[in-house]
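Following: one structure in structure tokens, then a few remarks.
In my numbering, the protein residues as written are -6 to 398.
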């Protein structure tokens, strides 16, 4: 047992440099197995103290992986007329746990002080069982039907010669039951973040063992046990919130910050309404590129520089016609998406003389999610539009006309 503990401490020491946090913990363990105190007092009443340590790393998605060891004991004492079995099993556990923290901006905001989590693990335990069969004077326990414990067997001739004794709960007698077992801990817990590198935690763990001999009594199914514990965690690589609040800003030239112009358009950032202007573009007093036709498409992107004031335009500044809107509605009714990207890129390239005819003759096949048309002339110019897979992408118009640039 001592050699195993030394090895585990060495492994933890080697891996600290690769970890994100170190945690120490303590708690109480309760056995749940073949022995019961009585028919009225069930499992979960004989709590034993334990302690341990672990190291781990938490990733951005809230998943944490940790390894650690724990040293504790399980014990139970029957109090029955016909049976007074007892045991205490010392356990050294080495395990790896997978935790999922809910403060990951999916369930709870990352800035929350409380970090609840769920998890499970896989561990190996080395255990050794002892009995309490004698008191501190070496007298063996004999349980009598009147509820007393005496130093002699319950026989008629011993009624007047036997003496009442008390159990010392020393568990001095070896059960010759030393072995190993796999355990699966199921975990639920929460942490309180202090704002520094320290956090406090509580956790409830239920261990499922692969053996029925933790108590050295093979009666029913495999044994299990419960742990309720508290922990203190130190986050090695976390930034202290207090340090950020108390950061020294001496020597920083705020006057220069006020004059910064990151996109180099000649308008300082504090007055620049367009912070990422393309290099070399001319801008107005607000730092935005010019838009002479006021269609909300900057001139350097605008493929139709003199759009009418009342016209709706594509992202390239090209006027959207009535036919364009009509076909967009047909696509929408047929649940063919995305209509915007498709038409912005392809509608201006359709021969103008065919737009009205296309709007009148093309029908939407709702089941196949495609355009079908009855005009042979139109088929030769504008190929069938189909939806590719489930991505919602639509193949482009293919035109034989000269209008496509």
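Even for Gly, the Cβ is constructed at its ideal location relative to N, Cα and C.
- If the five residues before and after residue 105 are omitted, its C-beta is found closer than 6 angstroms to the C-beta atoms of 96, all from its own chain and listed in chain order.
- The beta carbon of residue 186 is closer than 7 angstroms to those of 106, 108, 192 in its chain, skipping five residues each way along the sequence.
- The alpha-carbon of residue 225 is positioned some 6 angstroms away from that of residue 18.
- Of the residues 57, 24, 262, the one whose Cα lies closest to the Cα of residue 249 is 262.
- Shown here, residue 248 sits in a helix according to DSSP, grouped into three states.
- Assignment of residue 150 by DSSP, reduced to helix, strand and coil, places it in the helix class.
- Ranked by Cα distance from residue 182, the options 195, 124, 166 are led by 195.
- When DSSP states are grouped into helix, strand and coil, residue 106 belongs to the coil group.
- Between the C-alpha atoms of residue 168 and residue 223 there is a straight-line separation of about 32 angstroms.
- Following the DSSP letters along the chain, one finds residue 220 inside the beta strand (DSSP E) bounded by residues 217 to 228.
- Scanning its chain for C-beta atoms nearer than 6 angstroms, with the 5 sequence neighbours on each side dropped, one finds around residue 101 the residues 95, in chain order.
- The C-alpha of residue 270 lies about 47 angstroms from the C-alpha of residue 59.
- For residue 290, the number of other beta carbons within 10 angstroms of its own is at least 16, and it is reported as buried.
- Taken through DSSP and simplified to helix, strand or coil, residue 282 comes out as strand.
- The bridge partners DSSP lists for residue 21 are 42, 221.
- Here residue 184 carries a strand assignment [DSSP, helix/strand/coil].
- For residue 59, the uninterrupted beta strand (DSSP E) segment begins and ends at 56 to 70.
- In the DSSP assignment, residue 79 falls within the unbroken beta strand (DSSP E) covering 79 to 94.
- The criterion of a C-beta distance shorter than 9 angstroms is not satisfied by residue 280 and residue 310.
- In this structure, residue 164 sits near residue 79, with a CB-CB distance shorter than 9 angstroms.
- Its chain contains 93, 181 as the residues whose beta carbon lies nearer than 6 angstroms to that of residue 111, once the 5 sequence neighbours on both sides are disregarded; these appear in chain order.
- With contacts defined as CB atoms closer than 9 angstroms, residue 125 and residue 158 fail to qualify as a contacting pair.
- Excluding sequence positions up to five before and after residue 88, its CB lies within less than 6 angstroms of the CB of 114, 116, all in the same chain and listed in chain order.
- The three-state secondary structure of residue 314, taken from DSSP, is coil.
- In this structure, residue 39 and residue 69 form a Cβ contact; the two beta carbons are roughly 5 angstroms apart against a cut-off of 8 angstroms.
- Just measuring C-alpha positions, the residue of 24, 179, 51 sitting nearest residue 42 is 24.
- When the alpha-carbon of residue 26 is set against those of 275, 54, 200, 288, the nearest one is in 200.
- In this structure, DSSP gives residue 172 an extended state, which the three-state scheme calls strand.
- Residue 157 is bridged by DSSP to 143.
- For residue 202, the three-state secondary structure derived from DSSP is strand.
- Going by C-alpha positions, residue 256 is about 12 angstroms away from residue 264.
- Counting of Cβ neighbours within 10 angstroms places residue 49 among the buried residues, the total reaching 16 or more.
- Between residue 22 and residue 67 the beta-carbon gap is near 6 angstroms, inside 8 angstroms, which marks them as a contact.
- Annotated three-state conformation of residue 136 is strand, per DSSP.
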